[in-house]
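Engineer: Please see the structure below; I have some questions.
Numbering (this note's numbering), first residue to last: 1361 to 1706.
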């Protein structure tokens, strides 16, 4: 595995509306199944032995673990390309100083709006001020950080203002990612964007990319505008069903050691790091099946795509979104169908 996404804990001090872990998040008390400090260090050693290149540390909220500073310091001793996602609310002076003393390539602080009334509506009352204090601690300790926003129905009108906020507060860049919907999320109707809203957000991101310093705005949402200008009849070649590293170069490890192919495929457990070495993940039967799936094409593998005029342009889309929506890896990506203006159930 070239890359590992590592959810070090299921504990979190927030309950964000858009979080795909809603049903799994626990209180701040100890999770009896969570890998302990020594097991985490052994796992980091396995990353090194297996030749892992990048490690992305996620939660829950990583800083909810009392031993996370110790884990982070041990991870920092290695030569991984390490990224860390945090909500920023627990970034006190000691945490900021630790981050300044080790090598973190990407420190992503999650924010959902440039003002408290926007951010807190999604992340909870008081979250905005706590995150701002965390960012101030990072700035004081000269720690570089980026800000990431999940664009959804509630905050997409504020994309431009958010970009300006990120620039003013000293972020190295601003990332905008589209909300990934799950039918199990009870807030889905409040967050899921329609076709018009997605294109509106995409146009705005195109505008701010042109106006802000080159490379400051990180987003692929604007790429969705291609559905408005493309002529699907001009595309005649099949695309692989899995264009990402699913089953080949990346995996996700949960706080209890379970290994899953993708952060959104929570029920496909391919093993546990308490039982198999990281170097063996790629050879598990489930990961081999993922790679076999990657040799197929949407125009032949997905029944609903066979007669679709967009099949060669879109290629079937993201397997994670199809899995979340239909519980099936060989189904259409609902987002791509929405953008193309077709009904995936036809």
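Ideal Cβ placement from N, Cα and C applies to all residues, glycine included.
1. Can you give, in chain order, each stretch of the alpha helix (DSSP H) that sits fully within the stretch 1499-1524 and has at least 4 residues?
2. Span of the beta strand (DSSP E) holding residue 1612?
3. Kindly provide the ranges of any beta strand (DSSP E) runs that are 3 or more residues long and lie completely inside the stretch 1613-1670, ordered along the chain.
4. Return the first residue and the last residue of the alpha helix (DSSP H) that residue 1306 is part of.
5. If you follow the beta strand (DSSP E) that residue 1578 is part of, which residue opens it and which one closes it?
6. As a quick exercise: from 1696, 1393, 1373, 1500, pick the residue whose alpha carbon is nearest that of residue 1447.
7. What would DSSP say about residue 1682, mapped onto helix, strand or coil?
8. Within 10 angstroms of the Cβ of residue 1433, are there 16 or more other Cβ atoms? Answer buried if so, exposed if not.
9. Suppose the cutoff is 8 Å on Cβ atoms and the five residues either side in sequence are ignored; what does the same chain contact list for residue 1468 look like?
10. Among 1655, 1651, 1698, 1551, which residue has its Cα nearest to the Cα of residue 1674?
11. What span of residues does the beta strand (DSSP E) with residue 1445 cover, start to end?
12. Between the beta-carbon of residue 1441 and the beta-carbon of residue 1413, is there less than 8 Å?
13. DSSP three-state label for residue 1430, please.
14. Taking the DSSP output, what are the residues bridged to residue 1380?
15. Would you call the stretch 1557-1569 and the stretch 1390-1400 in contact, with 3 or more CB pairs under 8 Å?
16. Using 10 angstroms around the beta-carbon of residue 1705, count the other beta-carbons present and answer buried if the total reaches 16, otherwise exposed.
17. Hey, is the stretch 1415-1433 in contact with the stretch 1663-1670, meaning 3+ C-beta pairs nearer than 8 Å?
18. Using the C-alpha atoms, what's the distance from residue 1455 back to residue 1619?
19. Does DSSP classify residue 1493 as helix, strand or coil?
20. Taking just the CA atoms, how far does residue 1702 sit from residue 1667?
21. Out of 1670, 1419, 1601, 1375, which has the shortest C-alpha to C-alpha gap to residue 1588?
Structural biologist: This is what the structure gives:
1. none
2. Start at 1 with the first residue of the chain shown, and residue 1612 comes out as number 252. 1610-1613 is the span of the beta strand (DSSP E), which, as asked, contains residue 1612.
3. 1618-1620
4. Outside the modelled stretch of the chain, which goes from 1361 to 1706, sits residue 1306, for which no answer is possible.
5. Position 218 of the chain shown holds residue 1578. Unbroken beta strand (DSSP E) run through residue 1578: 1577-1579.
6. Residue mapping note: residue 1447 aligns to position 87 of the chain shown, counting from 1. When each option's Cα is compared against that of residue 1447, the closest is 1373.
7. Within the chain shown, the letter at position 322 stands for residue 1682. DSSP places residue 1682 in the helix class (H, G or I) of the three-state scheme.
8. Along the chain shown, one-based indexing puts residue 1433 at 73. With fewer than 16 Cβ atoms within 10 Å of its Cβ, residue 1433 is classed as exposed.
9. Residue mapping note: residue 1468 aligns to position 108 of the chain shown, counting from 1. 1443, 1444, 1445, 1446, 1505, 1506, 1507, 1508, 1535, listed in sequence order.
10. The residue you call residue 1674 lines up with position 314 of the chain shown. Minimum Cα distance to residue 1674 is reached at 1698.
11. Indexing the chain shown from 1 puts residue 1445 at position 85. First-last of the beta strand (DSSP E) with residue 1445: 1441-1446.
12. Taking the chain shown and counting its residues from 1, the one referred to as residue 1441 is at position 81. Taking the chain shown and counting its residues from 1, the one referred to as residue 1413 is at position 53. Yes; because the gap between Cβ atoms is below 8 Å, this pair is in contact.
13. On the chain shown, residue 1430 is found 70 positions in, with the first residue counted as 1. In this structure, DSSP gives residue 1430 a helical state, which the three-state scheme calls helix.
14. As a position in the chain shown, residue 1380 is number 20, starting the count at 1. Bridge partners of residue 1380: none, in fact.
15. no
16. Here residue 1705 refers to the residue found at position 345 when the chain shown is read from its first residue. With a pLDDT of 47 at residue 1705, under the threshold of 50, the predicted position of this residue should be treated as unreliable, and no value is reported.
17. no
18. Position 259 of the chain shown, counted from the first residue, corresponds to residue 1619. Position 95 of the chain shown, counted from the first residue, corresponds to residue 1455. Approximately 28 Å between the Cα atoms of the pair.
19. Within the chain shown, residue 1493 is the residue found at index 133, counting from 1. Three-state result, residue 1493: helix.
20. The count along the chain shown starts at 1 and reaches residue 1667 at position 307. The count along the chain shown starts at 1 and reaches residue 1702 at position 342. Their backbone Cα atoms lie some 11 Å apart in a straight line.
21. Working through the chain shown from its first residue, we reach residue 1588 at position 228. Nearest option by C-alpha distance: 1670.
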